[in-house]
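*Asks:*
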Amino acid sequence: MTFRLMPIYRLGGWGAAASMVAICTLITLQVLFRLLDAVLVMAGSSRLGLEITGVSELASFLLVGATFLGMAYTFTHHAHIRMSLVIQRLPAAVRAFTELACLLIASALNALLCVSLWQLMQESLEYDDVSSGLLAIPLWIPQLVLLIGMVMMSLALTEALIDTARQALQAPQRFQAPDDEAGHD
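With my numbering, letter number 177 in the sequence shown gets 179, and the count goes up by one each step, no holes.
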């Protein structure tokens with residue numbers, strides 16, 4: 003299966019990777035600052051008290067980016083958990099329409115989630131909602147990242163749905179599920 007919007011999904015993958023690197027960097031710095039304070043206290047000196055305020059909150063918002071920005075990328079690389087154990091044992095024609103039904107359901111649920119996330123983000127903007135932790139981060143920012151990730155996932159599901167529908171309608175007896183294909187991009 004060829005995904006025409008792969009550059010967009012790849013960009014999401016890079017965003018997810020950058021989020022993970024940022025989480026690791028924040029936590030590593032926080033640990034190093036605490037270690038430095040411990041060494042200074044052991045040496046008889048006073049603590050410097052260096053810390054990153056709200057590191058847990060920042061890490062949790064970055065985790066949203068790491069999770070949702072990477073969804074379409076992992077889907078296009080067939081890295082999501084799938085129920086292929088049952089589906090791969092079906093005859094090719096039945097497998098084609100089963101895959102099509104699964105993609106239709108996933109697309110519908112994903113579209114519903116996108117609409118709900120859009121409404122939630124609009125509400126957060128309207129009421130100027132901010133996070134309740136040490137940092138007052140406007141909630142629309144992580145919600146926007148979540149929405150972008152889900153929109154990319156919708157695009158990937160739509161591409162897979164169109165390709166699967168084409169195969170299912172033209173030659174269902176020769177259908178190959180994405181897990182059966184060799185040489186994933």
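C-beta atoms are modelled at their ideal positions from N, C-alpha and C, and glycine is treated no differently.
All of these numbers come straight from a predicted model, not from anything done at the bench.
Could you give the C-beta distance for L71 and S21, rounded to a whole number, given that I count them as a contact under 8 Å?
*Replies:* Yes, L71 and S21 are in contact; Cβ-Cβ is about 7 Å, under 8 Å.
*Asks:* Out of curiosity, what's the CA-to-CA distance linking L57 and L34?
*Replies:* Inspection of the sequence shows that residue 57 is occupied by Val rather than by Leu. So the two alpha carbons sit approximately 13 Å from each other.
*Asks:* In its own chain, which residues sit with a C-beta less than 7 Å from the C-beta of C116, not counting the 5 before and 5 after it?
*Replies:* L149, M152, V153 and S156
*Asks:* Can you pull the DSSP bridge partners for P174?
*Replies:* P174 pairs with nothing; no bridge assigned.
*Asks:* Run through the segment 80-158 for me and flag every whole alpha helix (DSSP H) of 4 or more residues, listed as ranges in chain order.
*Replies:* 86-89 and 94-128
*Asks:* Applying the 10 Å Cβ sphere with the 16-neighbour rule, what's the burial state of D187?
*Replies:* A caution first: D187 carries a pLDDT of 43, below 50, which makes its placement in the model unreliable, though a value can still be read off. Per the 10 Å Cβ criterion, exposed.
*Asks:* In whole angstroms, what is the alpha-carbon distance linking A61 and L171?
*Replies:* 46 Å
*Asks:* State yes or no: is the C-beta of F5 within less than 8 Å of the C-beta of A95?
*Replies:* no
*Asks:* Write down the C-beta distance between I25 and L64 rounded to the nearest angstrom, noting that I regard them as a contact closer than 8 Å.
*Replies:* 5 Å
*Asks:* Figure out for me which residue from A167, A113, A158 and L136 has the closest Cα to the Cα of E59.
*Replies:* When only C-alpha atoms are compared, the closest one is L136.
*Asks:* Mind checking Y75: buried by the 16 CB within 10 Å criterion, or exposed?
*Replies:* buried
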